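Numbering (the working numbering), first residue to last: 865 to 1765.
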């Protein structure tokens, strides 16, 4: 496509360091060009190249004398394409981005390996890693007993959600993995024949991508979302977690010999199959189906590992002894599995470890003779093997494959991940009222009652680690948690035992989402914990309480800066309320991938959180596209998990030392509060109070058309009266639409007004803001994340989408308002970070955006044409013809920007 003619690379770092990436991009571009000619003819390649070059020239000189002529030429070419030509051009650019994204992922792994080797030679550690964290702790003189105490109470749970932010189909993602594998092969010395074979496989993968519809033909069912999450758990996350635990053990041995981490320090959860809030397709029967898939994947994976370990442990009784306990265990296996016993004996004569692992393998078959009743039974068998090895000079053997298997079972059992249930507070109250009335619940109330019954059955079948968390969306008052408590009692999840004590199998989790709810949350928690019935349930759960805070809806409610500040304050005050009541708090952060939904470096977010709110425990959502971008390749998955564990360990010890309390000055709080208030006023003045906002938003963005995308089982908006209201929109399509039209408004609007007003009011304000940036991790994360969002926004492209607004006066006024605020935000942020141009402090991202833009711009131009035609078309058949290419542009732009919602 553009490989041999375009020497640019998506990442603009030093030429020497990034030459392998440029080489990969050139190769993939060349191969895509060959496929384009094969599949669409020379004319398709010529049109694609002409559009690319015109847009590159426009980007190089946007205000020059030729700019207007180039824009007209782009419009002429795009306007002259028939449907086949449109689809061809869209797919050419879209697949190019997919290939470049795969190459970038591959390059990240390559660079990581190179940097690791360089640092190892120099005795340095990767920043924001466990190795760096433990080295710094030792250098600072933190005693071993305090590190051990922090590790003992650390519990990190990453929760995959079913939110439909991943637009790429699963089979397309598999082709990306094939591309990575082929690039890896080409990295190593190969014979000419092997090199040709790898190139042919790349050509095959690109051809398959070309002939695969990038869009689903039907909306995925909720069980499909379960399947996708389970794929990442089974093939990426669980193994990566094991590797991180081993790395933690290694660096502890190096810096703190004798200190050890418990095996379930890092676990996973899932909302797929249990997130019923606003999703009529997520029904109670999905709870057993989802957990069934979890269990099937867990057992399948364990059987594979047991078989592999058995192949390794070919130890012979003629060469080494075995323990009496192992012999007794084998005799017990033979007695309980008479059909399998002779087969095992004949297959592994004289090899007791293989025989024992063969029985373990048999017992992992749920339909076998004597399946394990619980993971503890399997762990007991593994302990017998370990003890026998250690008694007979096999300590080294026990420390590797067997230890990994043991840790996997201890951490993830037979369930892989904990399944959460989420439901809206109003529906839970409706169901609780129906139960209290004594009649037979119907409709939604009946489904909620059935959900709690299925949850009871799930815990009985799969164990308390597999399920038992109920999240209450839009928690407004204490009664919103008392309703699910009553439903849990009704289902037997909460019950009195014979001694008058309470037994509970359910954690009730309030979710505070709006600005007002975040402000009320501390007082609500005090009221709730002061309610005897609720307090007894908390006591029954070990005096532990999880509280979830929502980044997406709070941002939609109050804007970027106000949302972040209110979240910061709410976390502090909720922690204080729980501490005063003797309750151990776990904050659950509902973060998304974009800046408008809490997206930021997880390491930075943990380190920048309010002190006193962590204490080693945290839950964090991992949504949609994050699963692919953060966990799509094993080395990248390991790096991201390593980083979050390091952040939690460091921050926990900082809290123990009270480090940071003295660093934050009262004037900083005052500044943040004033900035948040001014930003929120500006944001709400536009989004909620300006009568022209909704008409502008609906016409200048593809928000209405996003409902046509088959990217998730959940509707794009909550139930309403049909008229579009910001309050009814789910945060994901809200952010997605603003990303497609390059406004990215939720991620920055109001910040510029706040910064200008603050610096205009106080003579020393600029110095205080820079001081905050240098000394307050939370403020640095807020500023840097907003800075990156502003760098990705593009007011020239935003103006093209504004051209879709039919009312000239409305268009000019609204675009002018947005553009003016964008300029104010840019100026204010650059003053705070001390840079001259956007993203000067992140040159790789700055260059990536600049070099991707000429490839994304044609997709924007085509999308605008198709939006205009679709909205004017009344014939259903013709509309259907326009919808498919339009939605292909949505997919292509998302791939080009590497961001959706």
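Beta carbons: idealized from backbone N, C-alpha and C, even for Gly.
None of these values were measured; they are calculated from a predicted model.
Annotation: residue 1402 to residue 1278 spans about 27 Å, alpha carbon to alpha carbon.
Following the DSSP letters along the chain, one finds residue 1284 inside the beta strand (DSSP E) bounded by residues 1282-1288. For residue 1453, the enclosing beta strand (DSSP E) stretches over residues 1448-1454. Under the 8 Å Cβ criterion, the stretch 902-917 counts as touching the stretch 1712-1726, having at least three qualifying pairs.
DSSP places residue 1024 in the uninterrupted beta strand (DSSP E) bounded by 1019-1025.
In the DSSP secondary-structure assignment, residue 1373 is bridged to 1335.
The alpha carbon of residue 961 has as its nearest neighbour, out of 1713, 1155, 1731, 1152, the alpha carbon of 1713. For residue 1128, same chain residues with a beta-carbon under 7 Å away, outside a window of 5 residues either side, are 1274, 1275 in chain order. Taking all protein chains in view, the Cβ of residue 928 is surrounded by fewer than 16 other Cβ atoms within 10 Å, so the residue is classified as exposed.
Annotation for residue 1012: the continuous alpha helix (DSSP H) segment containing it runs 1008-1016. Contact between the stretch 1428-1448 and the stretch 1380-1388 is present: three or more C-beta pairs spanning the two stretches fall below 8 Å. A distance below 6 Å between beta-carbons, with the five flanking residues on each side excluded, links residue 1050 to the following residues of its chain, in chain order: 1062.
Per DSSP, residue 1368 lies in no alpha helix (DSSP H) segment; the continuous beta strand (DSSP E) that holds it begins and ends at 1366-1368. Assignment of residue 1358 by DSSP, reduced to helix, strand and coil, places it in the strand class.
Taking a 10 Å sphere around the C-beta of residue 1180, we find fewer than 16 other C-beta atoms and assign the residue as exposed. The stretch 924-1001 contains, as complete alpha helix (DSSP H) runs of 4+ residues, the segments 931-944, 947-986 (chain order). In this structure, the beta-carbon distance from residue 900 to residue 891 does not fall below 9 Å.
Beyond the five residues adjoining it in sequence on each side, residue 1221 comes within less than 7 Å, by CB distance, of 1170, 1173, 1174, 1177 in the same chain, given in chain order. In the structure shown, residue 1133 falls within a strand segment according to DSSP collapsed to helix, strand and coil. Residues of the same chain with a CB within less than 7 Å of the CB of residue 1572, apart from the 5 flanking positions on each side, are 1747, 1751 in chain order. Around the beta carbon of residue 1703, a 10 Å sphere encloses 16 or more other beta carbons of the protein chains shown; the residue is thus reported as buried. Residue 922 sits close to residue 1718, with the two beta carbons spaced by under 9 Å.
Nearest to residue 952 by alpha-carbon distance, out of 963, 905, 930, 985, is 905. Membership of residue 1183 in any alpha helix (DSSP H) is not indicated, and neither H nor E is assigned to it by DSSP. When secondary structure is reduced to three states using DSSP, residue 1683 falls in the helix class. Restricting attention to 1541, 1343, 1566, the CA atom closest to the CA of residue 1614 is found in 1541. When the five nearest sequence neighbours on each side are left out, the beta carbons in the same chain lying within less than 6 Å of the beta carbon of residue 1185 are those of 1256, in order along the chain.
Excluding residues up to 5 positions away in sequence, 1703 lie with their Cβ nearer than 6 Å to the Cβ of residue 1710 in the same chain. Counting along the chain, the unbroken alpha helix (DSSP H) around residue 1075 starts and ends at 1056-1075.
The DSSP-derived three-state label of residue 1756 is helix. For residue 1485, the uninterrupted beta strand (DSSP E) segment begins and ends at 1481-1487. Excluding sequence positions up to five before and after residue 1421, its CB lies within less than 6 Å of the CB of 1378, 1379, all in the same chain and listed in chain order. 1415 is the residue among 1017, 1415, 903, 1120 whose C-alpha sits nearest the C-alpha of residue 1611. The alpha carbon of residue 1386 has as its nearest neighbour, out of 1364, 1451, 1369, the alpha carbon of 1451. Counting along the chain, the unbroken beta strand (DSSP E) around residue 1413 starts and ends at 1408-1414. For the stretch 1165-1233, not one full-length beta strand (DSSP E) segment reaches 3 residues or more.
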